[in-house]
Amino acid sequence: MPSPRRAGSSIPARRRRSSRISPRSAPAGARSSRPPTSRSTRSPMLDAEVSFFLDLLEKATAAGRPKLSDLPVSVGRPAVDRMSCEGEADPPDVARVVDGALPGPAGAIAYRRYWPLGVEEKTIPTLVYYHGGGFVIGNIETHDSTCRRVANKSRCQVISIDYRLAPEHPFPAPVDDALAAFRHIRDNAAVFDTSADRIAVGGDSAGGNLAAVVCQLVKKAGEAMPAFQMLIYPATDSVSHAESRRAKGEGYFLTQELMDWFFGHYAPAGTDLRDPRMSPLLSADLSGLPPAYVLTAGYDPLRDEGLAYATKLRAAGVRTVYSEFPGTIHGFFSLTRFLRQGLVANDEAAGVLAAYFSR
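In the working numbering, the protein residues as written are -12 to 346.
In structure tokens form, the structure reads like this:
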């Protein structure tokens, strides 16, 4: 994780990337000991762009690209983070971007604020965003383009949080940072040019897990909750035996082997995987939580637990919008250089957020 920048420092609101990903340097998925799903055995229901992207991964594997799970984290993390940055579409311009740091339970937590184009108000709704990456990889750079687009499309400020990562900081350190970041922004809303009752939380994959957990913990503490939760293919059940994990756990970018590697670092031996801070789906009571938007991908091993969480939220009386992109894979929300459905999903999620705050 990059070292925090000086609080209040600014970076250009305009950024451009010229790099492209070759098959050899394609974003890392993972192989397993089982025969991989090949083009000939993939579902014909996959989007054409997804199939092409998976072909790139196959070529990279054939060329000798190592599995992420075979690399030391110190080697694999920077390599995958770099590839993740390259997998995003060129970053759109925003009005301004400011890097800073806020107090956390174990020191400063870096963040990045994005102010949307064309918004003249002094105080606007805010999305506190937690990046994905299995609690092991990812940072505010890997999701920079995505946060910019969501800010512009939602007309909300986005604050991306650079929480601590495993294995250096295993569970519950990322949860503690995510919770501390939300509380600090809520309790200092005026400093962040927002209102305490107009702050949403959101994230993708591991970040979706953190957003869901923050909502549950703040409710349990009896505090003012986030106004809304935006959960992008969230990991919600660490002991899941869902059908999607079996059927889609090999050959569709995110694999069961890679998930096991992530959780092996995040949840060392002795961790209670049924703890709702680890598995928010297993919380006994979801009533009274903030309204939610839950997005899943049809060829994602996490698809079923995302749907299950949306279903359980609705059953508990929580207003929930559920959206599935049936022909695509885990990670597509930020793989926007390759997968145009990711841009569509960015816009849809941002639109739901904008609609909520414009009520």
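Positions of the beta carbon are idealized from the N, C-alpha and C atoms, including for glycine.
Residue i, buried or exposed, once every other Cβ within 10 Å from all chains shown has been counted against 16
i    : result
M217 : buried
A199 : buried
A160 : buried
R18  : Any reading at R18 must be qualified, since the residue scores a pLDDT of 31, below 50, and its modelled position is unreliable; no value is offered.
Y175 : Contrary to the premise, residue 175 reads as Asn rather than Tyr in this sequence. It counts as exposed.
V81  : buried
P22  : Since pLDDT at P22 reaches only 40, below the 50 mark, its modelled position is unreliable, and the value read off the structure follows with that caveat. That one is exposed.
M32  : exposed
F169 : buried
V178 : exposed
G120 : buried
P221 : buried
E108 : exposed
S227 : buried
E237 : buried
F40  : buried
S27  : Note on S27: pLDDT 49, under 50, position unreliable in the model; no value is reported.
P157 : buried
E75  : buried
V62  : exposed
S274 : exposed
P90  : exposed
D77  : exposed
P288 : buried
D184 : exposed
R233 : exposed
G94  : exposed
D164 : buried
P255 : exposed
R64  : buried
G304 : exposed
For residue i, the three-state DSSP class (helix, strand or coil)
i    : result
I8   : Unreliable positioning characterises I8 in this predicted model, as indicated by a pLDDT of 29, which lies under 50. A coordinate reading is not provided.
A88  : strand
A187 : strand
G209 : coil
R173 : helix
R135 : helix
T307 : strand
R83  : strand
Y296 : helix
A198 : helix
M246 : helix
M70  : helix
D180 : coil
L241 : coil
G16  : Bear in mind that a pLDDT of 34 at G16, under 50, signals an unreliable position, so the model cannot answer this.
K54  : coil
P263 : coil
P23  : With a pLDDT of 47 at P23, under the threshold of 50, the modelled position of that residue is not reliable, and the figure given next carries that caveat. Coil, per DSSP.
E155 : coil
V162 : helix
E75  : coil
E335 : helix
L326 : coil
F122 : coil
Short Cβ contact (8 Å threshold) for residue i with residue j
i    : j    : result
H317 : S132 : no
A167 : I186 : no
E244 : D291 : no
C143 : I172 : no
P313 : H252 : no
C72  : E36  : no
A42  : N126 : Note that residue 42 corresponds to Asp in the displayed sequence, not to Ala. No. Outside cutoff.
Y116 : T223 : no
D334 : K140 : yes
F320 : V123 : no
L300 : A284 : no
A336 : V137 : yes
Expected contact under 8 Å - CB spacing of residue i and residue j to nearest Å
i    : j    : result
L114 : K206 : Rounded, the Cβ-Cβ distance is 19 Å, inconsistent with contact.
A97  : D180 : Contact doesn't hold; Cβ gap of about 19 Å is too wide.
P263 : Q203 : 6 Å
Y286 : Y239 : 5 Å
Beta-ladder partner(s) of residue i, from DSSP
i    : result
F312 : A284
M217 : G189, Y280
I148 : Y98, Y117
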